[in-house]
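Visitor:
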């Protein structure tokens, strides 16, 4: 439409059919959304939706449980919104798509918070009764479940909030222990002493998923072990085998030395020089004195690196002609003595040289000191050679009080304790065994992701689920000590079952398959025990003489029933003789009081949520979490289900990235770059945040900040205005006005074609049955929807047909066709948008169909006729739109210079038009006149025609500005 003319003979404004709607342009989401949410709760939207979808094909997205600990953060918001979008979209397809939110309530995150409160009050947790401590943990978890529940609901997440699942509910704890006992009954448990990741701060074993890696600076030392015997190289007796380590605290637990069988070693005589006492600047050799001299044994390839660390000076031409040169195999049978051998006892024992295929020459000295208590390779090699752990380091990181060297001292993760000037290096230096020490080695090191403290590998008795044991339901036989020996069968191992399940699961994006596969292929046995208080106990009885755990289904049934009545507390305060029954004497059995790894808890949730609510044969259609859950929940669920059911608990798994700040940095309170979702909701509304989530390429890490949110707000505003236009344009539409598609103009049929294309595109994202590579790629869904609304509708279809809507007679077939298509568009678009912007979609729907008992979220996928697809129309109109764009581009300079005020005032001369049979191109381009066949370019000039006073079009029949054109005259004449 052009600007109103300066002179008019009459005001025709009241005769124009302008859109009418109360739907506001300004959203005011922060104020409106709580009221809409309250209405949904009052009408029991979720419950009624379940009733309406009852009996339909079910789609189950099983919720990965967040910890009930603190306010939600952006990662929570992104995760929950994405889940809600998927669940709502499946409901839109007509499926029964329940959503049961859940929480992980056990474990260290909650214990740690309670202990923090104790520390503030200067209380000792160990002095508090276990039942009281557990009760406080339960109350803390319950409090945060309530807080987070309201925050998730405010995001617009629809679910069974009245009956969520909690791992601390009694029935859940009973099921979890029941799942554990399934492993026990099938012989898939053993208790073994082997190194596990251990937190001295939290005093418990940790799973791999509970560990994160940070760059630190450690102390590196080179230590000399004097060779006592070398049957294959007697000339090495008296030489010193040099080892290098970045964990000096393991030297007091050393029991052997490892060599690489194919590594070339050399023995070189030399000495270390240090500055004489009292000398300032060294000016000559007279200012130095010998600190250590002797023969060192080291890998030839690494000698220069060692010399750089230690300032070792070879005698004469020793490097080119060493005292001895040989392969690692020559060291077989050799023994050395510990540098602290003078202490006697444990330290006086000879340290054997052992062949280790893990020894390399990448760094160090090519010789590795072995402490079977504190390394997986160390443990395996020593065990194979009859060397057992000594359990010298206790749960708090200190050496045992009775340990000969540094007894009662530590902690071993204390930087000062292990530094070059700390007690370990000082004692080694005084004993003549320390050749080099510096506090400057930079490397990545594991930390507890809860306490942020360094962890260690520590050998302790723990409970494991074996990854490579072949068994078929047989009970394991007692073996050496507490390590059972399984019965060997040809049945698949847990690792094999899990890897097979991975291949039969759809992973989204597809590349995530490699990540989960590599993690399962390389993972060790699953450590399921923790030495904590708040969790589900490993409810087993171990025979004191044989070391076997009791497997009796009747006993197990009594245990499960006890848990159903009182939860995990039933075990800690149980009458264990009653649980054992008359066939067993409690005095013969050790009651296990370790608790389960929380990953076993969450890995078992499919059993009491999916199967517990929907039947024993039910399986989740989808798991959805962040990429870190390949080593966490995705994997623990896979292993738990594979071990008890022989399959994965899910059909598909979606992995999303992490939310970063606007500059792509990890959010951190210390950086001050945390983007709080609760603040965004309070200021802008949930639907803006949901548009951001749906628009991102969430398969990778995503950014959020002021600029990003501004883009989301703008995209939302445009879509809202599209709905506002549709509501206004359809204000008095009735079924009597509807026109059959066959009677519609070509433009309307073209728009229906575009709608059918959009429908197929969106459906490929939502409907798994479409077998599309775009499945669950909602950034594609959102982009397609927004582009259609902005480019195809607002900037094209609506723009062209405004004149028809405002000025044609109400009964005119073209206007009826346009409004019929608008009605079709409205019903499609409000449904398509509902999963993304549920609050706004509800507002839009109620604006047109106000009914307190109904909701847009009861609706199903729109009926879009595939027969509307017409590739011929698509090709033709693509060319027409291209020429329209060229005309608009040519008009713009005249409008900018104010030669014309509107495209309606333009006469356009151009070359040949594309085939446009039946199309009025002047109407499509919204210009006064089009003349073709005159040159190749496009020429625009002001029209000489006059402007209609009602429709403002410049037409030849208008005699003067302000009088009526023929169409408007006929409309007003009736």
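Residue numbers (this note's numbering): -3 to 970. We put the beta carbon where it would ideally sit given N, CA and C, even for glycine.
#1: How would you write the range of the beta strand (DSSP E) that residue 148 sits in, first residue to last?
#2: Whole angstroms is fine: what's the gap from residue 536's alpha carbon to residue 176's?
#3: Determine the contact status of residue 650 and residue 685, defining contact as a CB-CB distance below 7 Å.
#4: Hey, would you say residue 414 sits closer than 7 Å to residue 244, going by beta carbons?
#5: Count Cβ pairs between the segment 803 to 818 and the segment 49 to 63 that sit closer than 8 Å; are there 3 or more?
#6: Distance check for residue 431 and residue 273, CA to CA, integer angstroms please.
#7: Where does residue 597 land, buried or exposed, given buried means 16+ other C-beta within 10 angstroms?
#8: Tell me which residues share the same chain as residue 1035 and place their Cβ nearer than 8 Å to its Cβ, disregarding the 5 neighbours each side in the sequence.
#9: Going residue by residue through the segment 782 to 830, where are the continuous alpha helix (DSSP H) segments of at least 4 residues, counting only ones entirely within it?
#10: With DSSP as the reference, label residue 8 as helix, strand or coil.
#11: Taking DSSP as the reference, what is the three-state secondary structure of residue 937?
#12: Who does residue 618 pair with in a DSSP beta bridge?
#13: Starting from residue 528, trace the alpha helix (DSSP H) in both directions and tell me its first and last residue.
#14: Below 8 Å, can you find three or more Cβ-Cβ pairs linking the segment 371 to 391 to the segment 182 to 198?
#15: Measuring only the C-alpha atoms, how far is residue 932 from residue 841?
#16: Got a sec, what are the start and stop residues for the beta strand (DSSP E) residue 286 sits in?
#17: Between the C-alpha atoms of residue 499 and residue 775, what's the straight-line distance to the nearest angstrom?
#18: Return the chain-ordered list of same chain residues with a C-beta closer than 8 Å to the C-beta of residue 676, the five sequence neighbours on each side being excluded.
#19: Between the C-alpha atoms of residue 977 and residue 210, what's the straight-line distance to the nearest angstrom?
#20: So the candidates are 747, 921 and 959; which of them puts its Cα closest to the Cα of residue 861?
#21: Between 232, 72, 534 and 669, which lies nearest to residue 186 when the distance is taken from Cα to Cα?
#22: Could you tell me which of 13, 6 and 316 sits nearest to residue 807, measuring between CA atoms?
#23: Output the distance between the C-alpha atoms of residue 512 and residue 613, rounded to the nearest integer angstrom.
#24: With 16 other CB atoms within 10 Å as the buried threshold, where does residue 514 fall?
#25: Which two residues bound the contiguous alpha helix (DSSP H) that contains residue 594?
#26: So, at 6 Å on beta carbons, what are the nonlocal neighbours of residue 719 in its own chain, with the 5 sequence-adjacent residues on each side left out?
#27: I'd like the span of the beta strand (DSSP E) that includes residue 833, first residue to last.
#28: Express the C-alpha separation of residue 133 and residue 182 in angstroms, rounding to a whole number.
#29: Taking all protein chains shown into account, do 16 or more other C-beta atoms lie within 10 angstroms of the C-beta of residue 10, making it buried, or fewer, making it exposed?
#30: Look up residue 100 in the DSSP assignment and say whether it is helix, strand or coil.
#31: Given a cut-off of 7 Å on the beta-carbon distance, is the pair residue 502 and residue 648 in contact?
#32: In three-state DSSP terms, what is residue 955?
#33: The alpha helix (DSSP H) with residue 720 in it runs from where to where?
#34: Helix or strand or just coil, what does DSSP make of residue 562?
#35: Could you check whether the Cβ of residue 733 sits closer than 6 Å to any heavy atom belonging to the ligand GTP?
#36: Between the beta-carbon of residue 172 and the beta-carbon of residue 504, is there less than 7 Å?
Guide: Working from what's here:
#1: In the chain shown, the residue the question calls residue 148 occupies position 152. Residue 148 -> not in any beta strand (DSSP E); alpha helix (DSSP H) instead, spanning 126 to 150.
#2: Taking the chain shown and counting its residues from 1, one reaches residue 536 at position 540. Taking the chain shown and counting its residues from 1, one reaches residue 176 at position 180. C-alpha separation (whole angstroms): 9 Å.
#3: Translated into positions along the chain shown, residue 650 becomes position 654. Translated into positions along the chain shown, residue 685 becomes position 689. Contact check for residue 650 against residue 685 fails: the beta carbons are separated by 7 Å or more.
#4: The count along the chain shown starts at 1 and reaches residue 414 at position 418. The count along the chain shown starts at 1 and reaches residue 244 at position 248. Taking 7 Å as the Cβ cut-off, residue 414 and residue 244 qualify as a contacting pair.
#5: Cβ pair count under 8 Å is below three, so no.
#6: The residue given as residue 273 occupies position 277 in the chain shown. The residue given as residue 431 occupies position 435 in the chain shown. Straight-line measurement puts the Cα of residue 431 at about 19 Å from the Cα of residue 273.
#7: If you number the chain shown from 1, residue 597 lands on position 601. Answer is buried; the Cβ neighbour count reaches 16.
#8: Any answer about residue 1035 is impossible in this case: the structure gives the chain only from -3 up to 970.
#9: Whole alpha helix (DSSP H) segments, 4+ residues: 794 to 803 and 809 to 829.
#10: Indexing the chain shown from 1 puts residue 8 at position 12. DSSP places residue 8 in coil when its eight states are reduced to three.
#11: The residue labelled residue 937 in the question sits at position 941 within the chain shown. When secondary structure is reduced to three states using DSSP, residue 937 falls in the strand class.
#12: The residue given as residue 618 occupies position 622 in the chain shown. In the DSSP output, where bridge partners are listed per residue, residue 618 has 57 and 648.
#13: The residue you call residue 528 lines up with position 532 of the chain shown. Run containing residue 528: none; DSSP gives neither H nor E here.
#14: Taking a cut-off of 8 Å on C-beta distances, the segment 371 to 391 touches the segment 182 to 198, as three or more cross pairs fall below it.
#15: Residue numbering aside, residue 932 sits at position 936 when the chain shown is read from its first letter. Residue numbering aside, residue 841 sits at position 845 when the chain shown is read from its first letter. The straight-line gap from Cα to Cα measures roughly 49 Å.
#16: As a position in the chain shown, residue 286 is number 290, starting the count at 1. In the DSSP assignment, residue 286 falls within the unbroken beta strand (DSSP E) covering 284 to 295.
#17: Numbered from 1 along the chain shown, position 503 holds the residue referred to as residue 499. Numbered from 1 along the chain shown, position 779 holds the residue referred to as residue 775. Computed Cα separation, rounded: 26 Å.
#18: The count along the chain shown starts at 1 and reaches residue 676 at position 680. Excluding positions up to five away in sequence, the list reads 684, 685 and 705.
#19: The structure shown does not extend to residue 977, since the chain is modelled only from -3 to 970, so the question has no answer here.
#20: For the purposes of this step, residue 861 is identified with residue 865 of the chain shown, where counting begins at 1. Checking every option, the nearest Cα to that of residue 861 belongs to 747.
#21: Residue numbering aside, residue 186 sits at position 190 when the chain shown is read from its first letter. Nearest to residue 186 by C-alpha distance, out of 232, 72, 534 and 669, is 534.
#22: The residue you call residue 807 lines up with position 811 of the chain shown. Ranking 13, 6 and 316 by Cα distance to residue 807 puts 13 first.
#23: For the purposes of this step, residue 512 is taken as the residue at position 516 of the chain shown. For the purposes of this step, residue 613 is taken as the residue at position 617 of the chain shown. Using only the alpha carbons, I get a separation of about 25 Å.
#24: Here residue 514 refers to the residue found at position 518 when the chain shown is read from its first residue. The residue in question, residue 514, is exposed, as its Cβ has fewer than 16 Cβ neighbours within 10 Å.
#25: Position 598 of the chain shown, counted from the first residue, corresponds to residue 594. For residue 594, the enclosing alpha helix (DSSP H) begins and ends at 594 to 599.
#26: Against the chain shown, residue 719 aligns to sequence position 723. Spatial neighbours of residue 719 in its own chain (CB-CB distance under 6 Å, excluding positions within 5 residues in sequence) are listed in chain order as 840.
#27: Your numbering for residue 833 matches position 837 in the chain shown. Where residue 833 is concerned, there is no enclosing beta strand (DSSP E), given that its DSSP letter is neither H nor E.
#28: The sequence position of residue 182 within the chain shown is 186, counting from 1. The sequence position of residue 133 within the chain shown is 137, counting from 1. Distance from the CA of residue 182 to the CA of residue 133, rounded to the nearest whole angstrom, comes to 33 Å.
#29: Against the chain shown, residue 10 aligns to sequence position 14. That one is exposed.
#30: For the purposes of this step, residue 100 is taken as the residue at position 104 of the chain shown. Of the three classes helix, strand and coil, the one that applies to residue 100 here is strand, per DSSP.
#31: The residue you call residue 502 lines up with position 506 of the chain shown. The residue you call residue 648 lines up with position 652 of the chain shown. For the pair residue 502 and residue 648, the CB atoms are nearer than the 7 Å cut-off.
#32: Mapped onto the chain shown, residue 955 falls at position 959. Residue 955 falls in the coil class under three-state DSSP.
#33: Here residue 720 refers to the residue found at position 724 when the chain shown is read from its first residue. Per DSSP, residue 720 belongs to the alpha helix (DSSP H) from 702 to 725.
#34: Translated into the one-based positions of the chain shown, residue 562 becomes position 566. Three-state result, residue 562: helix.
#35: As presented, the structure is devoid of all ligands, the ligand GTP included, so that no description of it is given.
#36: Numbered from its first residue, the chain shown carries residue 172 at position 176. Numbered from its first residue, the chain shown carries residue 504 at position 508. At the C-beta level, residue 172 and residue 504 stay beyond 7 Å of one another.
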